[in-house]
Amino acid sequence: MMCSDKNSIQKNIEQINQQIRTAEQQYGRNSNSVQLLAVSKTKPITALEEAITAGQKCFGENYVQEGVEKIQHFSQHYTQSDLEWHFIGPIQSNKTRLIAENFDWVHSVDREKIAQRLNDQRPDGKPLQVLIQVNTSGENSKSGTDREQVFALAQLINDLPNLTLRGLMSIPENVSDHASQLAAFQQLAELKQALQSHYPQIDTLSMGMSGDMPAAIEAGSTMVRIGTAIFGARDYPQAT
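The end of the sequence shown is residue 240 by full-length UniProt numbering, with every number in the run present.
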């Protein structure tokens, strides 16, 4: 589903949204039930401005300091207040305050210590929307909690006043065939369904990227994280 880098960001977003709508119809999903999260890590302000002009409102960032700088820029220079910022990268304990104070969503909570710090450091008012990252593939190189620990972590998050538990996120093993992709995503969908019986506010499955988006939508994804297919290849600075 990769879009050509020669296309404009606006054209790429239009094409991806059309692919999402087509997949929704193909797999019997409700229309507009899958949201596009534009993964804008390493991309300059000008690229995000082009995406915003194309109607994109939700952006995902992996690097804390870079994301905060973008959030602060748009809060100062963008007259609309409807942009939504998602932190989707691994969380270090010394970065939780910046995340808690600046982002709207966090996709990558995977342990109780991080959840507690985000709660304690979140300013009063609007709760931080939280997804639990689950390591469905069991790969040591992947962040995420074990399936067996999900319910205990969900209970903690649900009890914290400055956090709202919204669902689950995963980055499954990188496989190319649709059937294997689907099987991995279905594991997370089943886990979400089990959690919903205890926490009815859960409504979000963040899963699916450029190479496996159709399988994710078939399995029940409500939010796909797309970067390169929108913005082109990335330049990776040293993570901060």
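Note that CB positions come from ideal geometry on N, CA and C, so glycine has one too.
What three-state label does DSSP hand residue i in the structure shown?
{"i": "residue 222", "result": "coil"}
{"i": "residue 209", "result": "coil"}
{"i": "residue 148", "result": "helix"}
{"i": "residue 38", "result": "strand"}
{"i": "residue 230", "result": "helix"}
{"i": "residue 153", "result": "helix"}
{"i": "residue 160", "result": "coil"}
{"i": "residue 132", "result": "strand"}
{"i": "residue 166", "result": "strand"}
Would you mind stating whether residue i and residue j have Cβ atoms separated by less than 8 Å?
{"i": "residue 168", "j": "residue 130", "result": "no"}
{"i": "residue 230", "j": "residue 9", "result": "yes"}
{"i": "residue 75", "j": "residue 91", "result": "no"}
{"i": "residue 225", "j": "residue 48", "result": "no"}
{"i": "residue 219", "j": "residue 182", "result": "yes"}
{"i": "residue 80", "j": "residue 110", "result": "no"}
Between which two residues does the alpha helix (DSSP H) containing residue i stretch?
{"i": "residue 84", "result": "Where residue 84 is concerned, there is no enclosing alpha helix (DSSP H), although the beta strand (DSSP E) it sits in stretches over 84-87."}
{"i": "residue 191", "result": "178-196"}
{"i": "residue 75", "result": "64-77"}
Taking 8 Å as the limit between beta carbons, can you name the residues of its chain near residue i, skipping five residues before and five after?
{"i": "residue 222", "result": "33, 34, 35, 167, 203, 204, 205 and 206"}
{"i": "residue 93", "result": "113, 114 and 117"}
{"i": "residue 73", "result": "45"}
Rounded C-beta distance between residue i and residue j? I'm assuming under 8 Å.
{"i": "residue 185", "j": "residue 172", "result": "7 Å"}
{"i": "residue 158", "j": "residue 145", "result": "No, residue 158 and residue 145 are not in contact; Cβ-Cβ is about 15 Å, not under 8 Å."}
Less than 7 Å between C-beta atoms, sequence neighbours within five positions excluded: which residues of the same chain meet that for residue i?
{"i": "residue 216", "result": "185, 207, 208 and 224"}
Ends of the beta strand (DSSP E) at residue i?
{"i": "residue 59", "result": "58-61"}
{"i": "residue 91", "result": "No beta strand (DSSP E) holds residue 91; DSSP gives it neither H nor E."}
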